[in-house]
Amino acid sequence: MNIDQSKIRNFCIIAHIDHGKSTLADRIIEKTGLLTSREMQAQVLDNMDLERERGITIKAQAVRIIYKAENGEEYIFNLIDTPGHVDFNYEVSRSLAACDGAILVVDAAQGIEAQTLANVYLALDHDLDIMPVINKIDLPSAQPERVINEIEDVIGIEAHDAPLISAKNGINIEAVLEQIIVKIPAPKGDPMASLRALIFDAVYDSYKGVIVFFRVKEGKIAKGTPIKMMATGAEFTTLEVGYFGAGQFIPCEELSAGMVGYMTASIKNLKDTLIGDTITNSVNPCSEPLPGYKKVNPMVYCGMYPADGAKYPDLRDALEKLKLNDASLQFEPETSIALGFGYRCGFLGLLHMEIIQERLEREYNLDLVTTAPSVIYKVHKTNGDVITLTNPSNLPDSSEIEYMEEPVVSAEIMVTTEFIGPIMELCQERRGIYLGMEYMEETRALLKYELPLNEIIYDFFDALKSRSRGYASFDYEIKGYQRSDLCRLDILVNREEVDALSFIVFSGSAYERGRKMCEKLKEEIPRQLFEIPIQAAIGSKIIARETVKAMRKDVLAKCYGGDISRKRKLLEKQKEGKKRMRQVGNVEIPQKAFMSVLKLDDK
Amino acid sequence: MRKQLGLYIHFPFCIQKCHYCDFLSFPYTKNTVKSYLDSLFKEIRAAASYHDEFDISTLFIGGGTPSLMEADDLLRLMEALQTSFHMEKTGEITLEANPGTLSMAKLKAARKSGINRLSLGLQSCRNVELKLLGRIHTYEQFLKQFEYARLAGFDNINIDMMSALPGQTLSDYEETLDGILDLEPEHISAYSLTIEEGTPFFDRYNVESSQDLPSESCERQMYHLTNHKLSEKGYHRYEISNYAKTGFESNHNMGYWMRKNYLGLGLGAHSLIDNTRFSVPRELGLYLKFWNQPKQIPNMAKHYYENLEALTLAAQMEEYMFLGFRLTRGIERNKFLSTFGISVDSVYGEVIKKHIKDKLIEETKDKQRLYLTARGIDISNYVLADFILEGSVN
Chain C
425 MNIDQSKIRN FCIIAHIDHG KSTLADRIIE KTGLLTSREM QAQVLDNMDL
475 ERERGITIKA QAVRIIYKAE NGEEYIFNLI DTPGHVDFNY EVSRSLAACD
525 GAILVVDAAQ GIEAQTLANV YLALDHDLDI MPVINKIDLP SAQPERVINE
575 IEDVIGIEAH DAPLISAKNG INIEAVLEQI IVKIPAPKGD PMASLRALIF
625 DAVYDSYKGV IVFFRVKEGK IAKGTPIKMM ATGAEFTTLE VGYFGAGQFI
675 PCEELSAGMV GYMTASIKNL KDTLIGDTIT NSVNPCSEPL PGYKKVNPMV
725 YCGMYPADGA KYPDLRDALE KLKLNDASLQ FEPETSIALG FGYRCGFLGL
775 LHMEIIQERL EREYNLDLVT TAPSVIYKVH KTNGDVITLT NPSNLPDSSE
825 IEYMEEPVVS AEIMVTTEFI GPIMELCQER RGIYLGMEYM EETRALLKYE
875 LPLNEIIYDF FDALKSRSRG YASFDYEIKG YQRSDLCRLD ILVNREEVDA
925 LSFIVFSGSA YERGRKMCEK LKEEIPRQLF EIPIQAAIGS KIIARETVKA
975 MRKDVLAKCY GGDISRKRKL LEKQKEGKKR MRQVGNVEIP QKAFMSVLKL
1025 DDK
Chain U
566 MRKQLGLYIH FPFCIQKCHY CDFLSFPYTK NTVKSYLDSL FKEIRAAASY
616 HDEFDISTLF IGGGTPSLME ADDLLRLMEA LQTSFHMEKT GEITLEANPG
666 TLSMAKLKAA RKSGINRLSL GLQSCRNVEL KLLGRIHTYE QFLKQFEYAR
716 LAGFDNINID MMSALPGQTL SDYEETLDGI LDLEPEHISA YSLTIEEGTP
766 FFDRYNVESS QDLPSESCER QMYHLTNHKL SEKGYHRYEI SNYAKTGFES
816 NHNMGYWMRK NYLGLGLGAH SLIDNTRFSV PRELGLYLKF WNQPKQIPNM
866 AKHYYENLEA LTLAAQMEEY MFLGFRLTRG IERNKFLSTF GISVDSVYGE
916 VIKKHIKDKL IEETKDKQRL YLTARGIDIS NYVLADFILE GSVN
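Just so you know, the protein sequences line up as chains C and U, in that order. Its first residue numbered 425, the first sequence is counted upward by one per residue in the working numbering. Its first residue numbered 566, the second sequence is counted upward by one per residue in the working numbering.
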C-alpha cells in the first residue's frame, strides 16, 4: 500500500481545561465514521478511568481517521490528543513533536484562559501551524466575535475564518474537517531516506512487551525491519507495525515518512525505550538523531510508602511501569523511621502527583501513605558545598548552612476584574511579588506575579478557585532560584520527632504554620490511653503545642435485646481504624495525618 | 434435661417516639395492633412447634411499648405463649412498661397472667427533662404506677435511667439518682445518652460541638456518681450499664451476654440458636403478609428469616469475648477451653497481655477469670475491638 504524503494530516487539539477539546475529538471520530455514535462511549480518547472521571486528559492518545473530503479525495487524519494542564506540558510537548499542526479550541463564552496561552506558546515552539476553532457557540453567554478579536489581539493569529461550532451538539463539525485539509500542512520527509522515527509514547502489554508509539519523520519501518534505539543503543527486530484505531491497535504492512503508528519488538526491558528517543534502521542507520524533546525535570517531591510494608516490591514494580510512558516521573528508595521503606518521588506539579498517586492506588491496587510535597531547595553550606535537597529530613544542621535558595515561578493569573482584589491579597500572603497587570478586555485582566514554588504546591489552586468563585485561571513557569530565609519545621508527637512530618518553610510563616499543623494533627490523631503532646519545633526550640487528651470514655452503653450486629459493626470499624494507624513510638498515628500539612489554608 | 431457651417478644408500637430513640417502632393504632397480634400469635404457634425441644427459661416482652397492649391482649398473649411453649415454672418473665400506659387494672392483669418482673422506663425524675426527651409521662405519674406495681405484687422491678442529657447538670442528675434510690427498685439500668443517627436528637445536637450536652468531665462525674451511690445502697454492677441487688440480675439479659440460646419473635426480633444468628423481617407489611398466608410452615428459615448467619468458630470466639467482657465478672479461661477446645491464650494471648499491662484487663489470683478494670470499662470499645480476629473483618 502506498500512501500519498500529501493526503496525510497529523495534528493535535489544544485548549484550556473544559473548553471542549476531548468532545471535539469525539465528534471528529464520529463524523468520519470510525465509530457510529451508538458505539461511541463519550470521550473515546480519554480511556483511563481517571481521565473520564475528572474530565481531563492525562496521557496522550492517538487515533487514525479516514476522511472523505468534499473535493472527493480521501485523507488520513492522525489525531493526537494532548493533556491541557500545566503540569503536563511535558506530555503536551511530546505529542506536539509528532504533529504538523494544532487545532486551538477556545470557549466562546470564556475566551482565552491562562492555559490557552501556555499551550499556544508550546505549539509555536514546535513550529506548528495553528488553526483556531470557537466552541460552545450555542451557549446563551457565547460571544464568538469578542473571542475572535481576543485571539487576534492576544495571540496574533488570523481567526476570522475560525469555524464556529458546538462540539457537544455536533454543530458545524464539517467545517472543522474541511479546514484541517487547508490549514494543517501535510507532512514532509523523504520516505526513501534511512529511518528516523520519534518515540512519543509507550505502553506495556504483558503479551507483546513494550508497545512503542512513534512518528516516522524519514524512511520507513515494516515487520522485520532491524531497528536501533539511538539513545539507549538497544537493538531489536520489528515484529509488528500498525496504526491506531479507536481504542485498538490495527496492524499494517509498513509505516513511512509522515505517518504515525506503533511497533512491537518483544521489548521486555522497560529501560530500553525512552520517550523522545529516535528509532533508526540498525543496518542502514541515519547519521543524526532527531532533536529530542525539551527535557523536563520534576519540580515537586514527596515520599510514597505502601500502607502495608510487605507491598514495597509491588510499589517499585508499579512505579517502573508508570515511568515507562511518563519519563517525568522519578523515584528513588528512601527510608523513614515513621513510615518504613518507600520511595521519594519527583513530579512535575501537584496535579501530576495526585494523578500518579491515584493511578497507583487504582490500577495497581496499592494503599499508600504520602508525605507532604516539597520543592527542591539548594543548600549552600559553609564549606562551599551546594546540596540539592528534595527531602526535608536531609537538611544539614543550621550551623553548617551558609544560606538556602528556593525555586520561584513567574505566574500568570487570568481573572475577572471583580476578583482582582482577593487574588492579589492571596498572592501577597504567599510571598508573591507583583510584576504587573494587563487588561485583556474591560472585564478581564492578566495578573503577573513572581511566586515561590513552595507557596503554590500545597493548596494554591484550591485557594485561587475559592477566592474567585472558580473564575480565575492560572499558569506558571519556573523562573529560577532565589535566596530565601528558610528553616525546617519538625513535628514531635509524644516528644518524639516524626521524620515524615517535617517540612521546609519560610521563616516568617513558621510560627503560623507550626500552630496550624499542631491544631490539624490534634484533630487527626485519635485519643489514646495517655495524653499526647504535639509540638512544632525549629531546631531545639518549641514554637507551638497542642495536646491530645487521654481517652476517657469509649463505651457502647446499650445493647438492644439480642441484636449484637450494631456492636459488632462498631468494633469491626474500630479494629479497621487501628489497622490504618502507624505506630510511632507508642503512639498510633492515622495515615491521613501525614498529609494534613496539605490542608492548612482555612479561608 | 431439656435444652433451655430465652424467648423475646417484640411489640413495635408506641404512642409517640421518644426523641432519642432509634428502635424499630410504629405509631399505635387499634387496627394495626390487632392485625399485628394476629400475626404474632400465628408466629408463636409455628415457632413453638418448630422449636419443640426447648424449655423456655426466661421471657422478655419488649418494644416499642408492650405495656400499650390492652389487659385482654396481654392475657391472650401470655396464654398463647404458655399453651404453645414449655414454660419453666420459676422462669423470669419481664414486661417492659412505659409509666404513661399503665393502670392498676392492667398491672393486676399482667401479674395474674404470670409476668413476674417489670422494667419501667423512667429515664429522669425531672419533668423538664422528661419533656425534652419526648417521654409521654411525668415523674408523678411514674410514682403512682410504681406504687400500683408494688401493690399488684411485683417484687422484681427494674428502672431505666439516663445520664448526660442536654442541659443536665451534675445536681440535676443526682436528683434523678436519689429519686430512684428512694424507691428501692431491685434493679437499675443506667445508661448515658447516646445520640443516634436518624433521631430528632441527632439533628438537634451536633455530637462534636454541641454546647447543650454536658461536658466530658461532667459526664464522667455523673458516671462515677452512679457507680458510687448505687454500690453504697447495695446494688452491684454486674454489667457495664446494669446494677442489681443480689439475686435480682436480669436472667434474660444475662443470656445475651453469655451467648445462651434465645429466640426472638415479632417484627425485627433477633435470635441465636446453636450458633446461628437470624432475625425476623423488619418490614411491617412483609411481616403481616407472611403470616396472613394460610398454613405457614414452621421451617421458615430459607424464605422468612433475614441475616441468617451460621457463625464461624472465629466469630463465636469474638462474640464470646466482646459480649462476655460486658459482664463485670468477665470470662473464664476454663469455660473458653471447654467451649472451643482451645485455650483463650493461644487465640488472644498477645491482646490479653497487652491490656493487662495497660491495666485495662485484670485476672483473678487463680488466673481463672479475666475481667475489665474500671478503666477498661470506661473505654471498653477500645479494648474489645482488639478481640475482633484478623481476617474476619468484612
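For each residue, glycine too, the CB sits at the ideal point set by N, CA and C. On a predicted model such as this, the values are computed, not experimentally measured, just so you know.
Closest Cα partner of residue i within the set the options
{"i": "Gly938 (chain C)", "options": "C:Ala566, C:Leu541 and C:Ile967", "result": "C:Ile967"}
{"i": "Ile561 (chain C)", "options": "C:Val544, C:Glu574 and C:Val530", "result": "C:Val530"}
{"i": "Met643 (chain U)", "options": "U:Ala670, U:Leu672 and U:Gly679", "result": "U:Gly679"}
{"i": "Asp732 (chain C)", "options": "C:Ile427, C:Arg1006 and C:Met1019", "result": "C:Arg1006"}
{"i": "Asp696 (chain C)", "options": "C:Tyr736, C:Phe755 and C:Val634", "result": "C:Val634"}
{"i": "Gly812 (chain U)", "options": "U:Gly799, U:Met823, U:Glu884 and U:Tyr852", "result": "U:Gly799"}
{"i": "Asn723 (chain U)", "options": "U:Lys919, U:Asp637 and U:Glu657", "result": "U:Glu657"}
{"i": "Ile645 (chain C)", "options": "C:Tyr631, C:Phe660 and C:Ala655", "result": "C:Phe660"}
{"i": "Pro631 (chain U)", "options": "U:Phe619, U:Thr623 and U:Leu685", "result": "U:Leu685"}
{"i": "Ala755 (chain U)", "options": "U:Gly718, U:Gly732, U:Phe719 and U:His801", "result": "U:His801"}
{"i": "Thr642 (chain C)", "options": "C:Leu714, C:Tyr491, C:Tyr545 and C:Phe843", "result": "Per the sequence presented here, residue 642 (chain C) reads as Glu, with Thr not at that position. It is C:Leu714 whose Cα lies nearest to the Cα of Glu642 (chain C)."}
{"i": "Glu618 (chain U)", "options": "U:Met823, U:Gly895 and U:Ser649", "result": "U:Ser649"}
{"i": "Leu748 (chain C)", "options": "C:Tyr827, C:Asn693 and C:Ser926", "result": "C:Asn693"}
{"i": "Leu916 (chain C)", "options": "C:Arg990, C:Gly1009 and C:Met848", "result": "C:Gly1009"}
Chain-ordered neighbours of residue i on chain C, where CB pairs are closer than 8 Å
{"i": "Leu873 (chain U)", "result": "Neighbours of Leu873 (chain U) on chain C: none; closest Cβ ~12 Å, over 8 Å."}
{"i": "Phe887 (chain U)", "result": "Lys991, Arg992 and Leu995"}
{"i": "Asn946 (chain U)", "result": "Asp978, Val979, Leu980, Leu994, Leu995 and Gln998"}
{"i": "His789 (chain U)", "result": "Going along chain C, no residue has its Cβ under 8 Å from His789 (chain U), so there is no contact; the nearest lies around 11 Å."}
{"i": "Ile1032 (chain U)", "result": "The displayed coordinates of chain U run from 566 to 959. Any statement about residue 1032 (chain U) would go beyond what the structure contains."}
{"i": "Tyr827 (chain U)", "result": "Gly986"}
Boundaries of the beta strand (DSSP E) in which residue i is found, first to last residue
{"i": "Arg620 (chain C)", "result": "Arg620 to Asp629"}
{"i": "Gln754 (chain C)", "result": "Gln754 to Ser760"}
{"i": "Ile703 (chain C)", "result": "Thr702 to Asn705"}
{"i": "Met828 (chain C)", "result": "Ile825 to Thr840"}
{"i": "Cys851 (chain C)", "result": "That residue, Cys851 (chain C), is in no beta strand (DSSP E); its alpha helix (DSSP H) goes Ile844 to Glu853."}
{"i": "Arg969 (chain C)", "result": "Lys965 to Val972"}
{"i": "Cys783 (chain U)", "result": "Cys783 (chain U) -> not in any beta strand (DSSP E); alpha helix (DSSP H) instead, spanning Glu781 to Glu797."}
Beta-bridge partners of residue i, as assigned by DSSP
{"i": "Tyr808 (chain U)", "result": "U:Ile753 and U:Arg802"}
{"i": "Asn434 (chain C)", "result": "C:Asn502"}
{"i": "Gly770 (chain C)", "result": "C:Tyr725 and C:Gln754"}
{"i": "Ser844 (chain U)", "result": "U:His835 and U:Glu871"}
Within chain U, partners of residue i - CB distance below 9 Å
{"i": "Met1005 (chain C)", "result": "Within 9 Å Cβ-Cβ: nothing; Met1005 (chain C) doesn't reach chain U, min ~12 Å."}
{"i": "Lys946 (chain C)", "result": "Simply none; closest approach about 14 Å."}
Bounding residues of the alpha helix (DSSP H) (the contiguous stretch that carries residue i)
{"i": "Leu775 (chain C)", "result": "Leu774 to Glu787"}
{"i": "Thr688 (chain C)", "result": "Unbroken run through Thr688 (chain C) is the beta strand (DSSP E), Val684 to Thr688; no alpha helix (DSSP H)."}
{"i": "Glu569 (chain C)", "result": "Pro568 to Glu574"}
{"i": "Cys726 (chain C)", "result": "Taken as a continuous stretch (DSSP letters only), Cys726 (chain C) belongs to no alpha helix (DSSP H), being part of the beta strand (DSSP E) at Val724 to Pro730."}
{"i": "Pro765 (chain U)", "result": "Pro765 to Arg769"}
{"i": "Ala449 (chain C)", "result": "Lys445 to Lys455"}
Proximal chain U residues relative to residue i, where beta-carbon distance stays under 7 Å
{"i": "Leu953 (chain C)", "result": "Asp923"}
{"i": "Lys1002 (chain C)", "result": "Ala950"}
Contact list for residue i against chain C, beta-carbon separation under 9 Å
{"i": "Ile621 (chain U)", "result": "Neighbours of Ile621 (chain U) on chain C: none; closest Cβ ~15 Å, over 9 Å."}
{"i": "Arg785 (chain U)", "result": "Arg976 and Lys977"}
Chain C contact residues for residue i, given Cβ-Cβ distances below 7 Å
{"i": "Leu685 (chain U)", "result": "Here the premise fails: no neighbours, minimum Cβ distance about 16 Å."}
{"i": "Ile953 (chain U)", "result": "Leu995, Glu996 and Lys999"}
{"i": "Glu635 (chain U)", "result": "Within 7 Å Cβ-Cβ: nothing; Glu635 (chain U) doesn't reach chain C, min ~23 Å."}
*Spell out a yes or no on whether the segment 859-873 of chain C and the segment 941-954 of chain C are touching, meaning 3 or more CB-CB pairs, one atom from each, closer than 8 Å.*
no
*Take every Cβ of the segment 571-584 of chain U, pair it with every Cβ of the segment 970-978 of chain C, and state whether three or more of those distances are shorter than 8 Å.*
Not touching, per the Cβ criterion.
_the segment 700-713 of chain C in contact with the segment 664-679 of chain C per 3-pair CB rule at 8 Å_ = no
_the segment 569-582 of chain C touching the segment 600-612 of chain C, judged by at least three CB pairs closer than 8 Å_ = As far as the Cβ criterion goes, the segment 569-582 of chain C does not touch the segment 600-612 of chain C, which means the pair count is below three.
*Taking 8 Å as the threshold, find out whether the segment 889-901 of chain U comes into contact with the segment 935-953 of chain U through three or more Cβ pairs.*
yes
*Specify whether the segment 773-789 of chain C and the segment 740-754 of chain C touch according to this definition: at least 3 beta carbon pairs, one from each stretch, less than 8 Å apart.*
Yes, the segment 773-789 of chain C touches the segment 740-754 of chain C.
*Per the contact definition of three or more C-beta pairs closer than 8 Å, is the segment 516-525 of chain C in contact with the segment 544-551 of chain C?*
yes
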